[in-house]
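Chains as they are written, first to last, in my numbering: chain A, 21 to 379; chain B, 21 to 379. Reading through the structure tokens given below for one structure.
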């Protein structure tokens, strides 16, 4: 190869011949073109946009050495095939929620949302400093995957209903979209949990295929227009008190990256994780005002009796997971110990302060 | 320059002549050796270690193209000279808390902690999605600085005391280490606020130069051994409900970086921000148990009457800031509007869930 052609191909331009070289390094690397399949409609507020942000941060930090093309639900694979698609390498990355994959391993539900479990901030504490991330990695490793937490919705809403929930009897026979462990709780009390992707909720509620649904919180629920097909909007989201969203990474593809790009990918996930929780926290209230004031949605708190019953049943369901397989037992024990500790700390910190602020 | 010498200097090695070049890019850049001065003792748990983490992430993501050497309090400059040192370019980065610089602009206190203000999660929501960051950048720009949020302690403790706080009278004449707006509140109720760096707290309390002190939370306070020189440990930390730690960046140095490194620096700050809040959340409770069980610290909640009085005075102090200068007014108005909105949202989310979880 001729020197001039070589320099042109590298695009080094004037820098290569200038004095700056005396204190410079050069990194010549392959360019990586990755695909990210997601469980959300393309550009969906908060979730789809977080996938976009993640891709953008990776491209910008790497100076374009790695670019990630984001695909919405069904553009490359449907929402619920994201796990398999990344596992087999159809895409190098995925963006979803770990509870969607409970068919692979029941324990995976702990890494998204546990009824009456942890808030967003507590989930991050558990994942990064409580041993959660190590357990998650252990499970995904068997599927040729590496997980990363890449977002959190904060405390969700309990959901949209067309009848009031006054007693536990009102949940009997209720066909409600609610995935993961929350769905199992509903099943235990006589309801009929349904798991469908977000994009299908509106029409299912409209057609009567569903009686009720949860989705995320005001910001997302407003975007889906759920107020048009349901009357009551209940809180708090006992079933998803701080749902972690995940980035799935194909392990083989990840280890083909040089170290600096590996670090860029993982750090981008962490920054995106904080970004989503910040966005939802900031935007939910504004959306809630719009729902209540403009769209006349009736905002209601679940009765204490209902919450207490759901809490007891949730603990039964969650602890039952421990009996399913050794890994589920291991995750349950780690999670439960952390949850017990954190409840003590919150009593003198977040909970005590929030109370003091409204005295 | 001879082609061989050129390639050797770039360190391209075999890649440069291999087939991989057909899909490769090369980045030839200066190496940047930065210094970071901090307001904390070197390697201090949570705070000093966050500065180390930030430096590590930047080095790893850049493949060593930018390295940051971290200096503890007094190693290069004392804690309270961090702002000036970075502003004049003695160091390219600093790691501190914005309320230390209220002498530069009173409004800066909003970007660390406001009494009865926002929790850590809410601070991040305000900074990233509520307009807070833009205002902060506007102020620092006049000093040749760029700010970034790089950590949050979560809700702090109210502090260490050698006498019980039963009424507001117990705060009169109290010499207490408490910086920023919390200090002004203490002054208003007849106490004597003192601002000294963390590293000087223990000896000041031991010598009797201080009657009381706040510092951070159990994890940090245990590390400083404050239980050895004070008897009562009060909660909640009304004066610092979610303190943001900052990275100060010299603007000129920042814009000398190529785009990819600029993005690496800013994204590392965001990831470090989440990391610190996660670490404090996870580790505070364990430390609290050690303090109470092992060191027999008496844990006490501030009486509601005291909290109510402090809340009223805090609002007076904080709103008074708005009259000081146009920028303080602008920040106060933005912050207050956001705080009012977020309180509505928390009532149906975090606060409602935490209550439901302990029914």
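Glycine included, every Cβ here is placed at the ideal spot set by N, Cα and C. Because the structure is a prediction, the values reported are computed rather than measured.
Query - Inter-residue spacing [alpha-carbon to alpha-carbon] between residue 367(B) and residue 105(B) - result: 43 angstroms
Query - CB of residue 254(A) within 8 angstroms of CB of residue 355(A), strictly - result: no
Query raised in the report: Taking only runs of the beta strand (DSSP E) that begin and end inside the region 165–252 of chain B, which ones reach a length of at least 3 residues, in chain order?
Result: Annotation note: the region 165–252 of chain B contains the following uninterrupted beta strand (DSSP E) runs of length 3 or greater, listed N- to C-terminal: 165–172, 179–181, 195–197, 212–214.
Requested in this report: Below 9 angstroms between beta carbons is the criterion; list the residues of the region 89–110 of chain A that meet it against any residue of chain B, in chain order.
Outcome: none
Query raised in the report: Within the 8 angstroms Cβ cut-off, does residue 180(A) reach chain B?
Result: no
Requested in this report: Would you mind stating whether residue 263(B) and residue 246(B) have Cβ atoms separated by less than 8 angstroms?
Outcome: no
**Report entry** Delimiting residues of the beta strand (DSSP E) encompassing residue 89(A)
**Finding:** 86–91
Query - Contacts around residue 374(B), its chain only, beta-carbon distance under 8 angstroms, and the 5 residues preceding and following it disregarded - result: Leaving aside the five residues that flank residue 374(B) on each side, none in its chain has a CB nearer than 8 angstroms to its CB.
**Report entry** Cutoff 8 angstroms; reference residue 387(B); Cβ partners in own chain excluding five residues on either side
**Finding:** This structure does not reach residue 387(B), given that chain B is present from 21 up to 379, and the question cannot be answered.
Query - Rounded distance between the beta-carbons of residue 111(B) and residue 55(B), thought under 8 angstroms - result: 4 angstroms
Report task. Show which residues of chain A have a CB atom less than 8 angstroms away from the CB atom of residue 185(B). Result -> The CB of residue 185(B) never comes closer than 8 angstroms to any CB in chain A; the least such distance is about 14 angstroms.
Query - C-alpha gap between residue 362(A) and residue 261(A), whole angstroms - result: 14 angstroms
Query raised in the report: Nearest to residue 334(B) by CA position, among 138(B), 74(B), 372(B), is which residue?
Result: 138(B)
Report task. Please report how far the alpha carbon of residue 199(B) lies from the alpha carbon of residue 129(B), in whole angstroms. Result -> So the alpha carbons of these two residues sit roughly 10 angstroms apart.
Query raised in the report: At least one CB of chain A closer than 8 angstroms to the CB of residue 379(B): is that the case?
Result: yes
Query raised in the report: What residues in the region 330–343 of chain B bring their beta carbon closer than 7 angstroms to a beta carbon of chain A?
Result: 331
Report task. Say whether chain A places a C-beta atom closer than 8 angstroms to the C-beta of residue 374(B). Result -> yes
Report task. Could you tell me which of 317(A), 171(A), 256(A), 265(A) sits nearest to residue 293(A), measuring between CA atoms? Result -> 171(A)
**Report entry** Distance between residue 58(B) and residue 214(B) (C-alpha atoms, nearest Å)
**Finding:** Using only the alpha carbons, I get a separation of about 20 angstroms.
Query raised in the report: For residue 337(B), which residues from the same chain have a beta carbon less than 8 angstroms from its beta carbon, with the 5 sequence-adjacent residues on both sides left out?
Result: 135, 201, 204, 205, 208
**Report entry** CB contact below 8 angstroms: residue 136(A) versus chain B
**Finding:** yes
Requested in this report: Determine, using beta carbons only, whether residue 370(B) comes closer than 8 angstroms to chain A.
Outcome: Residue 370(B) belongs to the set of residues whose beta carbon lies under 8 angstroms from a beta carbon in chain A.
Query raised in the report: Which value, in whole angstroms, describes the spacing of the CA atoms of residue 83(A) and residue 279(B)?
Result: Cα-Cα distance, rounded: 7 angstroms.
Query raised in the report: residue 169(A) to residue 267(A), Cα distance in whole Å?
Result: 6 angstroms
**Report entry** Other residues of its chain near residue 219(B): CB distance less than 7 angstroms, five sequence neighbours each side excluded
**Finding:** 61, 93
Query raised in the report: What is the DSSP secondary structure of residue 95(A), reduced to helix, strand or coil?
Result: In this structure, residue 95(A) counts as coil in the three-state DSSP scheme.
Query - Member of 318(B), 177(B), 90(B) whose CA lies at the smallest distance from the CA of residue 248(B) - result: When 318(B), 177(B), 90(B) are compared, the shortest CA-CA separation from residue 248(B) is found for 318(B).
Query raised in the report: Tell me which same chain residues have a C-beta within less than 6 angstroms of the C-beta of residue 352(B), skipping the five on either side of it?
Result: Answer for residue 352(B): 341, 342, listed in chain order.
Requested in this report: Would you please verify whether the beta carbon of residue 366(A) is less than 8 angstroms from any beta carbon of chain B?
Outcome: yes
Query raised in the report: Taking 8 angstroms as the CB-CB cut-off, is residue 61(B) touching chain A?
Result: By this cut-off, residue 61(B) is not an interface position.
Report task. Would you mind stating whether residue 118(B) and residue 131(B) have Cβ atoms separated by less than 8 angstroms? Result -> yes
Query raised in the report: So, is the C-beta of residue 188(A) closer than 8 angstroms to a C-beta in chain B?
Result: no
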